[in-house]
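Numbering (the working numbering), first residue to last: 42 to 217.
Below is the structure:
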């Protein structure tokens, strides 16, 4: 996917700058491949992982604001056997076939536009504030304003967790 994106966006890979932003729709080994191929990483704020359970990724040229979403063609697994007819099994056919299949047969593409601007995604490194509800630090401009009060996204109802009773004495100070 990354090599195809680089071809479409006319970018060299791997990147050492922040010109390419990758948003992947799956976690796991596909992300490892994207990291190696693109040079994009969560730590450099050039890779976002939104786990929708789809082996798909959107590649954005941060200079041109052009984005392309790439995902496997529905028939790619079946076509792999045509490109690797002497493979021992289905797995080997995919492994060998994907290496020689033209990108246009292996993947589908969709030009897309993010619901957030690149500057909103990359945010504001170094900015920090304190949530007026829980008292935790919020970095990179990820706070929200609610009725004129600065709060974190968790206190605004965007949590991926819920509070439970503390497990031990060491966690007694955690909000419950």
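For each residue, glycine too, the CB sits at the ideal point set by N, CA and C.
Bear in mind the structure is a predicted one, so any value in this text is a computation, not a measurement.
For this session: Could you check what DSSP says for residue 73 in three-state terms: helix, strand or coil?
Result: If you number the chain shown from 1, residue 73 lands on position 32. DSSP places residue 73 in helix when its eight states are reduced to three.
Exercise. Where does the unbroken beta strand (DSSP E) through residue 100 begin, and where does it stop?
Worked result: Walking along the chain shown from the start, residue 100 turns up at place 59. First-last of the beta strand (DSSP E) with residue 100: 98 to 102.
Exercise. So what does residue 148 bridge to, in DSSP terms?
Worked result: Within the chain shown, numbered from 1, the residue matching residue 148 stands at position 107. Residue pairing from DSSP places residue 148 in a beta bridge opposite 113.
Exercise. Are residue 90 and residue 99 closer than 9 Å when you measure CB to CB?
Worked result: Numbered from its first residue, the chain shown carries residue 90 at position 49. Numbered from its first residue, the chain shown carries residue 99 at position 58. Result no, Cβ atoms of residue 90 and residue 99 do not sit closer than 9 Å.
Problem set entry | Limits of the unbroken alpha helix (DSSP H) element including residue 187 | Residue mapping note: residue 187 aligns to position 146 of the chain shown, counting from 1. For residue 187, no alpha helix (DSSP H) encloses it; the enclosing beta strand (DSSP E) starts and ends at 185 to 187.
Exercise. Is the region 162 to 174 touching the region 186 to 194, taking contact as three or more C-beta pairs under 8 Å?
Worked result: Contact between the region 162 to 174 and the region 186 to 194 is present, with at least three C-beta pairs closer than 8 Å.
Problem set entry | Pairwise C-alpha distance: residue 204 and residue 217 | Along the chain shown, one-based indexing puts residue 217 at 176. Along the chain shown, one-based indexing puts residue 204 at 163. Bear in mind that a pLDDT of 48 at residue 217, under 50, signals an unreliable position, so the number given afterwards is only what the model happens to contain. Take the alpha-carbon of residue 217 and the one of residue 204: they are about 5 Å apart.
Problem set entry | residue 53 classed as buried or exposed, judged by whether at least 16 other C-beta atoms fall within 10 angstroms | Position 12 of the chain shown, counting from 1, holds the residue named residue 53. That one is exposed.
For this session: Would you check if the region 144 to 154 and the region 80 to 90 touch, i.e. whether three or more CB-CB distances between them fall below 8 Å?
Result: The region 80 to 90 and the region 144 to 154 do not touch, with fewer than 3 CB-CB distances between them shorter than 8 Å.
For this session: Go to residue 141, then tell me how far its alpha helix (DSSP H) extends in each direction, as first and last residue.
Result: Here residue 141 refers to the residue found at position 100 of the chain shown. Element bounds for residue 141: 131 to 141.
Problem set entry | CA nearest to the CA of residue 221, picked from 145, 65, 208 | In the structure as shown, the chain begins at 42 and stops at 217. Residue 221 is therefore absent and cannot be evaluated.
For this session: Hey, could you find the ends of the beta strand (DSSP E) residue 66 is sitting in?
Result: The count along the chain shown starts at 1 and reaches residue 66 at position 25. It is not in any beta strand (DSSP E) - residue 66 carries neither H nor E in the DSSP assignment.
Exercise. For residue 50, does the three-state DSSP call read helix, strand or coil?
Worked result: Position 9 of the chain shown, counted from the first residue, corresponds to residue 50. Helix.
Exercise. Anyone know if the C-beta pair for residue 138 and residue 114 falls short of 9 Å?
Worked result: Indexing the chain shown from 1 puts residue 138 at position 97. Indexing the chain shown from 1 puts residue 114 at position 73. When the beta-carbon positions are compared, residue 138 and residue 114 stay at least 9 Å from each other.
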